[in-house]
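K.L.:
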Amino acid sequence: MFRFILSVFILLFSFNFLFAANESEIKKLINDYKKNVKGAQISIISKTFNTGSNKYNAFILSSYNLNDEDSYYQYDYKNTTVYICSSNNNTLSNCKNINLYKLRIMNEDTAIAVSKNYITFEINGGDMKYYLTLKEKNGEFYLHKFTRAYYLNEFSGDKEIVDQFSSDEAAKNYKIKMEDVTFEDLMPEKMPVSLLKDYPALKCDIYDAVSSFDGDSINSDTAEFKVGSKSFTAIALTSSYMDYQLPSHTDSWCQSTGSIAFICDGTGKNISNCRKGGFNTSATCGSASIVTKDEYITFETSGQNRHGIETYNYTTYRYINGDFYLHKNSTVEHDVDDEETAGETTIHYSAKGKYNTLFAN
């Protein structure tokens, strides 16, 4: 109940700052936004500003669901989109937007800042903060920079790292208009280019995944396989921290920051009916491989921590009557370093042979 009241308060609180557009105009914008996004709750942050004689309203609209009380993150964000609209006589017009997809945000400290003809959407992502800056020129808005800031040591609070995702060319030349900005313009180095080229039908799902991954190391694997006469394509997309991103308190040499998998009917550019699911990446680097045999498909990840424990995760699904069901989750821990326990292997199983969990859950 508290969370519901809080989300309503945030929405109403934001409305108090909408000086240049009336409530009906804002509702119209929100309704248009809701048509194309998932998420039961909507938050809105806004700012009215002028450049020269032109008046504008800027917005950050986010859709989300509330997580369980025990979840690390209170909100499960589904979409974040920023808008700039011309404002005249309490009417919004010529609204332009940039979809930031599943960028996780927190309402606290998320804001919109204006300095001369630069406007910056400051998006607080909890451990990381993102800045999308545009420049107004002759009534048009152009991409300037998309950056991220975070502290290398989250406990000591020292050594802030600032990464620029967008290109230096965009920052200097102001050639990409706001309405033409794509997600590849914002994060070109994190884009799995070969996947986007080979499987264009998954473009939006891939953008969702990459935007929600904190780690900068993006890995992927694909496998084409058959069950009987039916062809399938499996894709695993994972993320892990680079060396310089690892928190000082972790006991791993590498740390996964997210994963997503797809199993689609067909192959190549003709894939369809793509199911979206997950697999276990805990205590691993997040780099996945796919193994198929008969009606079984297994997603594998591995990694070694600083104590010499190698960990291998295996998530296996089985094709039964037209769908893929979880067959087995297993984690294998192999000690390769300790003098007393070197060579020992521990295996943990779960969900073996129950077939009550669909891949797409």
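Residues -20 to -1, 1 to 341 in mature numbering (1 follows the signal peptide of the UniProt record, and there is no 0) are what the sequence shown lists, from first letter to last.
Cβ atoms here follow ideal geometry from the backbone N, Cα and C, with glycine treated the same way.
A quick note: this is a predicted structure, and the numbers were derived from the prediction, not measured.
Leaving out five residues before and five after A91 in sequence, what residues of the same chain have Cβ atoms less than 6 Å from its Cβ?
P.N.:
Only E102 meet the Cβ criterion.
K.L.:
Taking a contact to mean a Cβ-Cβ separation below 7 Å, would you say F212 touches L166 in this structure?
P.N.:
Taking 7 Å as the Cβ cut-off, F212 and L166 do not qualify as a contacting pair.
K.L.:
If you draw a straight line from the alpha carbon of D194 to that of Y131, how long is it in whole angstroms?
P.N.:
Cα to Cα, D194 sits roughly 13 Å from Y131.
K.L.:
Give me the Cα-Cα distance between T296 and A93, rounded to the nearest whole angstrom.
P.N.:
Straight-line Cα distance between these residues: approximately 48 Å.
K.L.:
Hey, Y299 and E280: beta-carbon distance below 7 Å or not?
P.N.:
Taking 7 Å as the Cβ cut-off, Y299 and E280 do not qualify as a contacting pair.
K.L.:
Report back the beta-carbon spacing between K157 and E120 to the nearest angstrom; my notes put them in contact at under 8 Å.
P.N.:
Confirmed, about 6 Å.
K.L.:
Run through the region 148 to 215 for me and flag every whole alpha helix (DSSP H) of 4 or more residues, listed as ranges in chain order.
P.N.:
Segments of the alpha helix (DSSP H) lying fully in the region 148 to 215: 148 to 153, 163 to 166, 173 to 178, 183 to 192.
K.L.:
Among the residues of its own chain, which have a CB less than 8 Å from the CB of M108, if the five just before and after it don't count?
P.N.:
Excluding sequence neighbours, M108 sits near R128, A129, Y130, D194.
K.L.:
Is S33 buried or exposed, if buried means 16 or more other CB atoms sit within 10 Å of its CB?
P.N.:
S33 should be labelled exposed.
K.L.:
Just curious, the alpha helix (DSSP H) that I6 is in, first and last residue?
P.N.:
Its alpha helix (DSSP H) spans residues 3 to 14.
K.L.:
Name the DSSP bridge partner or partners of R84?
P.N.:
Partner(s): none; R84 has no beta bridge.
K.L.:
Report, in whole angstroms, the separation of the C-beta atoms of S252 and L83, which I expect to be a contact under 8 Å.
P.N.:
In fact, because the Cβ distance is near 28 Å, the residues do not count as touching under 8 Å.
K.L.:
Return helix, strand or coil for K249, following the three-state DSSP convention.
P.N.:
Residue state, collapsed to three classes: helix.
K.L.:
Which residues in the same chain as M171 place their Cβ atom closer than 6 Å to its Cβ, once the five residues preceding and following it in sequence are excluded?
P.N.:
These residues qualify, in order along the chain: E164.
K.L.:
Looking only at C-alpha atoms, which of D185, E169, G283, L338 sits nearest to N301?
P.N.:
Minimum Cα distance to N301 is reached at L338.
K.L.:
Out of I277, I78, I85, E140, state which residue places its alpha-carbon closest to the alpha-carbon of L123.
P.N.:
Of the listed residues, the one whose Cα sits closest to L123 is I78.
K.L.:
Under a three-way DSSP split, which group does G257 fall into?
P.N.:
If DSSP states are grouped into helix, strand and coil, G257 belongs with the strands.
K.L.:
I'd like the list of long-range same chain contacts for S197, defined as Cβ closer than 6 Å, with 5 residues on each side in sequence excluded.
P.N.:
Here the set comprises S220, M222.
K.L.:
Taking all protein chains shown into account, do 16 or more other C-beta atoms lie within 10 angstroms of the C-beta of D48, making it buried, or fewer, making it exposed?
P.N.:
So D48 ends up on the exposed side.
K.L.:
For K76, which residues from the same chain have a beta carbon less than 6 Å from its beta carbon, with the 5 sequence-adjacent residues on both sides left out?
P.N.:
Only I64, M158, E159 meet the Cβ criterion.
K.L.:
When the Cα atoms are used, what is the spatial distance from F39 to E313?
P.N.:
Their backbone Cα atoms lie some 48 Å apart in a straight line.
K.L.:
Measuring CB to CB, does Y81 end up less than 7 Å from Y179?
P.N.:
Not closer than 7 Å, so no.
K.L.:
Less than 7 Å between the beta carbons of residue 359 and I289, yes or no?
P.N.:
The requested residue 359 does not occur in the structure, where the chain is confined to residues -20 to 341.
K.L.:
Answer with buried or exposed for S282, where buried requires no fewer than 16 other C-beta atoms within 10 angstroms of its C-beta.
P.N.:
By the neighbour-count rule (16 or more Cβ atoms within 10 Å), S282 is buried.
K.L.:
How big is the Cα-Cα spacing for G208 and G258?
P.N.:
Distance between the alpha carbons of G208 and G258 is about 24 Å.
K.L.:
Given this structure, state the Cα-to-Cα distance separating N11 from D245, to the nearest angstrom.
P.N.:
So the two alpha carbons sit approximately 34 Å from each other.
K.L.:
In angstroms, rounded to a whole number, what distance separates the CA positions of Q54 and L46?
P.N.:
If I take the Cα positions, the gap works out to 6 Å.
K.L.:
Cβ of A216 within 7 Å of Cβ of A268?
P.N.:
A contact, by the Cβ cut-off of 7 Å.
K.L.:
Can you tell me whether V142 is buried or exposed, with buried defined as 16 or more other CB within 10 angstroms of its CB?
P.N.:
Label assigned to V142: exposed.
K.L.:
State the start and end residues of the unbroken beta strand (DSSP E) segment that holds F304.
P.N.:
First-last of the beta strand (DSSP E) with F304: 303 to 315.
K.L.:
Indicate the three-state DSSP secondary structure (helix, strand or coil) for V17 in the structure shown.
P.N.:
Coil at V17, not helix or strand.
K.L.:
Could you tell me the distance, in whole angstroms, from the CA atom of F205 to the CA atom of T247?
P.N.:
So the two alpha carbons sit approximately 9 Å from each other.
K.L.:
By Cβ distance below 8 Å, which residues in the same chain neighbour D185 in space, the five residues on each side in sequence not counted?
P.N.:
Correct list, in chain order: I240, F242, C254, K256.
K.L.:
From the DSSP output, which residues share a beta bridge with D143?
P.N.:
According to DSSP, D143 bridges with R128.
K.L.:
Should S73 be labelled buried (16 or more other beta-carbon atoms within 10 Å of its own) or exposed?
P.N.:
That one is exposed.
K.L.:
Which one of N104, D303, S310 has the shortest CA to CA distance from Y292?
P.N.:
That would be S310, whose Cα lies nearest to the Cα of Y292.
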